[in-house]
Amino acid sequence: MEVGGNSQNIERLKRASRRIWTKKEEDAFVTILEDLVTKGYRCDNGSFKPGTNLIIEKALTNIFPTCGIKANPHIDSKMKVLRKQYSIVYDMLSKSGFGWNDVKKCVEVDSEEVWQSYVQHHKEAEGWKRRPFPLYEKLMNIYGTDRANGQGAETPVDMVEDINRNHVIDDMGDEEESLNQTSSTNSTASSRRKRKKPSDNISEGLRKLAESFDKMMEKSNEQVEKTVEVIVESARKKEHDQHNFMWEELTRLEIPVEVCIDALDIIVAKPWTISIFNSLSDEKKVEFVMSLLRKK
DNA sequence: TATGTGTAGATCCTTTGTTC
DNA sequence: GAACAAAGGATCTACACATA
């Protein structure tokens, strides 16, 4: 019993230590992901193209050189958590009685009754009433309406096409046939005659609306892309400046060069030490560096 | 203050899909 | 069919909060 417990503890200790995402890392992650989606890194089936996580890993490493975030497990895990959260909020918003508060960036519900009845059947939604979720709008661009169900991400135009498809499904009353139709190309679909419906005018209007919305999103995405570039460049510059500054400080203290190199390694790996270092007198700085090196 | 409990989310492992 | 990457489920852990 005791032995088993010990080996279990040893196994636990062997595991990689748990890392916590900072707000900045999370924001950067979502922005990068959003950018990749606009560049077409998402497949029709809803999954991301191979190598996407590695690209995100590299981008995050560029922004936060000492963050140590890896495609696996960190990015994998974050992707999963955000997808789940998005799924919960999306499901709520698709029900009547729920709405999105654009100012507070949270879900609002019409009445306590509606809320209680919903959480009774959706335990995972507990705690999401008025809980701020500022990433929701970005995640909507990333996951679209497919949430976590593995369907392809949908653009507004796709959504309208879905509506049209659903009209056909209703007409035929046969989902299997509709699936065949959706998986086939237009040439095969056109061989089937669709009954003209009054709702076609509405669909056409929606289609036009969706197209203009798509154009608007394209422009917005271009701006996001530019912003990401600026953020990455500025973060690189800041990091570079900081490293140069620390190096100058260390060499100024007349510490041997090899000690400066070791100290710089430790200090840049532990961002919290930078502010402490800067707040100290020269004499204390030397002590601080020596102390860090001893604990290395 | 110490301990117990619940929860969010990080990690591990297996399955599934894609590419060559 | 092998290799690789993503997705999904199971498990574990850090943290917050409640209670004695």
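Reminder that position 241 of the first sequence reads as 1163 in the numbering used here, one-by-one numbering, no gaps.
Ideal Cβ positions, reconstructed from N, Cα and C, are used throughout, including at glycine.
Because the structure is a prediction, the values reported are computed rather than measured.
Sequence-distant partners of residue 1168 (beyond 5 residues in either direction) whose C-beta falls short of 8 Å from its own C-beta, in its chain, are 1186, 1189, 1190, 1196, 1199. Taking 4 residues as the minimum length, the alpha helix (DSSP H) runs contained wholly in the region 934-1000 are 945-960, 974-985, in order along the chain. A Cβ-Cβ distance of about 6 Å is found for the pair residue 975 and residue 998, placing them in contact under the 8 Å criterion. Spatial neighbours of residue 1000 in its own chain (CB-CB distance under 8 Å, excluding positions within 5 residues in sequence) are listed in chain order as 943, 948, 951.
Distance from the CA atom of residue 1042 to the CA atom of residue 1033, rounded to whole angstroms, is 15 Å.
Beta-bridge annotation (DSSP): residue 1029 is paired with 1022, 1051. The beta carbon of residue 1202 sits closer than 7 Å to those of 1210, all from its chain and outside the five residues before and after it, given in chain order. Contact between residue 1181 and residue 1215 is confirmed by a C-beta separation of about 7 Å, below the 8 Å threshold.
Inter-residue distance for residue 1204 and residue 988 is about 26 Å (C-alpha atoms, whole angstroms).
For residue 1043, the uninterrupted alpha helix (DSSP H) segment begins and ends at 1034-1043. Residue 1023 sits away from residue 956, with the two beta carbons spaced by 7 Å or more. With a 10 Å radius around the Cβ and a threshold of 16 neighbouring Cβ atoms, residue 1010 comes out buried. If you look at residue 1186, you'll find it in the alpha helix (DSSP H) that goes 1179-1191. Under the three-state reduction of DSSP output, residue 1214 falls in the helix class. The Cβ atoms of residue 1056 and residue 1026 do not sit closer than 7 Å to each other. Distance from residue 1052 to residue 1030 at the Cβ level is roughly 7 Å; contact confirmed, criterion being Cβ atoms closer than 8 Å.
The three-state secondary structure of residue 1017, taken from DSSP, is coil.
Residue 973 counts as exposed, since fewer than 16 other beta carbons sit within 10 angstroms of its beta carbon. With a cutoff of 7 Å on beta-carbon distance, residue 954 and residue 981 are scored as near each other. Its chain contains 964, 970, 974, 977, 978 as the residues whose beta carbon lies nearer than 8 Å to that of residue 958, once the 5 sequence neighbours on both sides are disregarded; these appear in chain order.
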